[in-house]
Amino acid sequence: MPQSFDRAVSDWLEAEGIVDNAASSSPGDIADTAKVRGLLIAAARDERSVSYSEMLGLLGHRFTRPKMRALCKTLDAIDETGRAGGEPELAVLVVRESDRLPGQGWWIGVGERHGYKGEWGGANAAKFVRKVQQAAFDYWRAKTGE
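This note's numbering applies: residue 494 is where the sequence shown begins, and numbers increase by one.
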């Protein structure tokens, strides 16, 4: 993962007042794209999704909306780099606890890229998400050495 993405996300988080880079350089930081990517790859290999709250907890944070938005920026950076390398999306694995579907930002970006035009909830959305998640599961279970 290029360090430029780590730095750009980290700078954005600090500019928004979500984190203080000087005080939060631990590996559990929300902007640590390598750490978040590793957690997502492990989830993909286990063929499971993780909630926003669970992911923030794994990174040493309690759930708050600002931290969730910061996590979404990190997920965007991870997926942008992954797409450039021919990898399937990983952000699809981070879901709401209530319905196990990704949040609005994912639908606007990835859903549109895949041609999805339906509602962001319900049976059709769940079927679409399972298909995109399965692509990540299949890819990362087959890939070794990462």
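Even for Gly, the Cβ is constructed at its ideal location relative to N, Cα and C.
In this structure the stretch 625-632 touches the stretch 528-543; the number of beta carbon pairs closer than 8 angstroms is three or more.
Counting only the Cα atoms, residue 561 lies some 16 angstroms from residue 532. In this structure, residue 523 sits away from residue 583, with a CB-CB distance that is not shorter than 8 angstroms. Shown here, residue 542 sits in coil according to DSSP, grouped into three states, outside any helix or strand. If you draw a straight line from the Cα of residue 635 to the Cα of residue 557, it comes to about 35 angstroms. With at least 16 other beta carbons inside 10 angstroms of its own, residue 575 counts as buried. Looking from the CA of residue 546, the closest CA among 610, 606, 607 and 596 belongs to 596.
Contact check for residue 590 and residue 544: beta-carbon distance about 4 angstroms, within the 8 angstroms limit, so the pair qualifies.
At the C-beta level, residue 619 and residue 612 stay beyond 8 angstroms of one another.
Between residue 526 and residue 570, the beta carbon gap of about 6 angstroms places them in contact (Cβ cut-off 8 angstroms).
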